[in-house]
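Last residue of the sequence shown: number 584 in the numbering used here, and the count goes up by one each step with no gaps. Read the structure below first, then the notes.
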Amino acid sequence: MLLTGSCGNGDAGSTVDKGEETEKRGSVDRNIECEVNWDRSFVDFYGRDSHRCTRFDEQNCWDVLAQSVPPDAIHKALPGWCLVSRKHAQAVLDLPSQLGDGAPDLWPAFNNVWAPEEVYFPTALALLGYLPGNDVVSKTVTHSKWNERARNQKDRAHPLEYDDSFNEHLVQNVRKEGCLFLRKMKRPLDIRIWERAALGKEISEADVNADQDRDQTLSKKRQRDYDHYDSGYHTGDRYGHSRYSSSRRRHGRDDFGNGSRYK
322 MLLTGSCGNG DAGSTVDKGE ETEKRGSVDR NIECEVNWDR SFVDFYGRDS
372 HRCTRFDEQN CWDVLAQSVP PDAIHKALPG WCLVSRKHAQ AVLDLPSQLG
422 DGAPDLWPAF NNVWAPEEVY FPTALALLGY LPGNDVVSKT VTHSKWNERA
472 RNQKDRAHPL EYDDSFNEHL VQNVRKEGCL FLRKMKRPLD IRIWERAALG
522 KEISEADVNA DQDRDQTLSK KRQRDYDHYD SGYHTGDRYG HSRYSSSRRR
572 HGRDDFGNGS RYK
């Protein structure tokens, strides 16, 4: 989700002061001026020698590409949401022809790479000589957080959701990080709420009442959905196990699909 009406380059979250228009946005964007560097990209990258590189990365990214790409050129962007300038995007598109006739086609080499989109762009920029460099800033402009305490890999692989907590305070905190975008919003957001939080636009009392009615309706719907879920297939038995869990254990499987510990 976009969190600003315009952006600059120094800080990723900077905006260009446009006089009266900026005045209407409130204090969060006021009196910020900058020159735009349209050739600058934002890619939060790291190499194999970085402390961010895990054994999983080595096995599923670096080792897979070892026969096709020089090790020093292999980089990964995490999170994978990159902001690439037109100049760099065009260079990446032209990369196959720039590698020369004797060089192997680069894209097929990524077929067996885990999350290849996180590796392809920083690696391509490194092969082109742009990364590392002054025109590639090693930071992300997309705010996202993961639940590192989640019990399984599937839950840790998805960003936290902000559907019920999107407001001016959240937008200001994200902007302080230098971010222009926010992940993750799963449900559609009322444009008035976005304008109030992102642009500082005033909202009428009628709109406030409408928002409150909408929130109450959504809250009741979520409660009904929860009650339906809780009273159905997953209702707990007298031992505190759900019917689903008990059924899987009877068939020799635990809640994660593995061989049961209770056999």
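For every residue, glycine included, the Cβ atom is placed at its ideal position computed from N, Cα and C.
Item	Value
Could you tell me the alpha carbon to alpha carbon distance between Glu516 and Asn488, rounded to whole angstroms?	10 Å
How many whole angstroms separate the CB atoms of Asn381 and Trp435, which I take to be in contact at a CB cut-off of 8 Å?	4 Å
Please list, in chain order, all residues of the same chain as Leu323 whose beta carbon is under 7 Å from its beta carbon, the five residues on each side excluded.	Leu501, Phe502
Would you call Ala398 buried or exposed, if buried means 16 or more other Cβ atoms sit within 10 Å of its Cβ?	buried
Excluding the five sequence neighbours on either side, which residues of its own chain have a C-beta within less than 8 Å of the C-beta of Val390, listed in chain order?	Leu427, Ala430, Thr444, Leu448
Relative to the C-alpha of Ser406, which candidate in Asp456, Phe366, Trp467, Glu482 has its C-alpha closest?	Asp456
How many angstroms separate the CA atom of Gly421 from the CA atom of Asp415?	11 Å
Just list the residues that DSSP pairs Trp467 with in beta bridges.	Pro480
Return yes when the Cβ of Asp365 is within less than 8 Å of the Cβ of Lys460, no when it is not.	yes
Assuming Arg504 and Thr463 make a contact with CB atoms under 8 Å, what is their CB distance in whole Å?	6 Å
What are the uninterrupted segments assigned as alpha helix (DSSP H) that are 4 or more residues long and contained completely in the segment 393-429, given in chain order?	407-414, 416-419
Just to confirm my understanding: we take Pro509, look at its own chain, exclude 5 residues before and 5 after, and list those with CB closer than 8 Å. What are they?	none
If distances are taken between C-alpha atoms only, which option among Asp511, Ser362, Asp378, Leu404 comes closest to His396?	Asp378
By alpha-carbon positions, which one of Trp383, Asp485, Val413 ends up nearest to Leu539?	Asp485
What residue range does the alpha helix (DSSP H) around Gln493 cover?	489-497
What three-state label does DSSP hand Leu386 in the structure shown?	helix
What is the rounded straight-line gap between the Cα of Asp384 and the Cα of Trp359?	34 Å
Going by DSSP, name the residue or residues bridged to Phe502.	Leu323, Thr463
Rounding to the nearest angstrom, what Cα-Cα distance links Gln537 and His479 in this structure?	27 Å
Checking 8 Å against the spacing of the C-beta atoms, do Arg535 and Ile524 come in under that value?	no
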